[in-house]
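The structure appears right after this line, and notes come after that.
Number of protein chains: 2
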Amino acid sequence: MVKLIALYKRPSEPEDFDGHFDAVHLPLLRAYPGLRRLELTRVEGAPLGEARYRVMVELYFDDRMAMDAALASPEGKAVTRDLMAFAAPLVTVFHGAVEPGAL
Amino acid sequence: MVKLIALYKRPSEPEDFDGHFDAVHLPLLRAYPGLRRLELTRVEGAPLGEARYRVMVELYFDDRMAMDAALASPEGKAVTRDLMAFAAPLVTVFHGAVEPGAL
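If you read the sequences in order, they're chains A and B.
Residue numbers for the first sequence follow the working numbering, so the first one is 1 and each next one is one higher.
Residue numbers for the second sequence follow the working numbering, so the first one is 1001 and each next one is one higher.
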């Protein structure tokens, strides 16, 4: 299993950001072909100091090939277009292999 | 459900870092009282450019109270001590509420 992770810094207008994220961006994410699971975390704080993030979204795919195909699909391009339009300066995107949990 | 997320930047000596992480830090994390799930992601890349992270670990707890109790426990203090000793300049820690997935 692999996942694509998008981590969003706290925006200057959190309510506007959340509104667009929930109403527009999230439905686009859910349309990724081959998506196995989506997990959304609303960031609330940090053990030390303040959290600099607002939200994290994790998209699970069977393997790297499925993820790459999703990113290259028309649905994936719609995600990227929307992301660049509403959150380009806020978002960091990376991906990795999920290790089978021993717990 | 809440989770505590630790995101580690790429270290200058990745093999040394991974060795300590896997052999020492991970067993300490698994000892957190009240831990419901641990997910470990080995970061492999980014859709655009290079990923600046090496690993992400996510620790799931029933609720905020359980997470706070884990952090304050002797096991939690052992985690923090080890973290500060081997990865203080690399790690970012934050927590948030996991939304029930619609997928």
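Don't be surprised by glycine CBs; every beta carbon is placed ideally from N, CA and C.
Would L40/A be called buried (16 or more neighbouring beta carbons within 10 Å of its own) or exposed? Burial check for L40/A: the Cβ neighbour count within 10 Å reaches 16 or more, so the residue is buried.
Can L1038/B and L1029/B be called in contact, C-beta distance under 8 Å? At the C-beta level, L1038/B and L1029/B come within 8 Å of one another.
Taking the alpha-carbon positions, what's the Y1053/B to A1087/B distance? Computed Cα separation, rounded: 13 Å.
What are the start and end residues of the beta strand (DSSP E) that includes A87/A? Where A87/A is concerned, there is no enclosing beta strand (DSSP E), although the alpha helix (DSSP H) it sits in stretches over P74 to A87.
Of the choices E13/A, P100/A and T92/A, whose alpha-carbon is the least far from that of L7/A? Taking only the C-alpha atoms, the option nearest L7/A is T92/A.
Pick out the complete beta strand (DSSP E) segments inside the segment 12-84 of chain A, 3 residues or longer, and give them in chain order. Entirely contained in the segment 12-84 of chain A, the beta strand (DSSP E) runs reaching 3 residues are, in chain order, 37-45 and 53-61.
Just tell me which of L1004/B, M1001/B, K1009/B and K1003/B has its CA closest to the CA of P1089/B. Of the listed residues, the one whose Cα sits closest to P1089/B is K1009/B.
What is the DSSP secondary structure of L90/A, reduced to helix, strand or coil? In the structure shown, L90/A sits in coil (DSSP, three-state: anything other than H, G, I, E or B).
Cβ pair E1099/B, R42/A closer than 8 Å: Inclusion of E1099/B and R42/A in the CB contact set at 8 Å is warranted, their separation being smaller than that value.
Taking C-beta to C-beta, are K1003/B and E1058/B nearer than 8 Å? Cβ atoms of K1003/B and E1058/B: closer than 8 Å.
Measuring only between beta-carbons, confirm whether V98/A sits less than 8 Å from chain B. Under the Cβ criterion of 8 Å, V98/A is counted among the residues facing chain B.
So, under 8 Å CB-CB, G1034/B and F1061/B are touching, yes? Tell me the CB distance rounded to an integer number of Å. With a Cβ gap of about 6 Å, G1034/B and F1061/B count as contacting.
Between the alpha carbons of A1031/B and V79/A, how many angstroms are there, rounded? When rounded, the distance between both Cα atoms is 39 Å.
Is it buried or exposed, V1055/B, if we count other Cβ atoms within 10 angstroms and call 16 or more buried? Buried: at least 16 other Cβ atoms inside 10 Å.
I want to verify the contact list: residues of chain A whose CB lies under 7 Å from the CB of Y1053/B, in sequence order. Contact annotation for Y1053/B against chain A: F94 [CB-CB distance below 7 Å, chain order].
Roughly how many angstroms separate the alpha carbons of A69/A and A1072/B, rounded to a whole number? CA-CA distance, A69/A to A1072/B, rounds to 44 Å.
Flag E15/A as yes if its beta-carbon sits less than 8 Å from any beta-carbon of chain B, otherwise no. At a cut-off of 8 Å between beta-carbon atoms, E15/A makes no contact with chain B.
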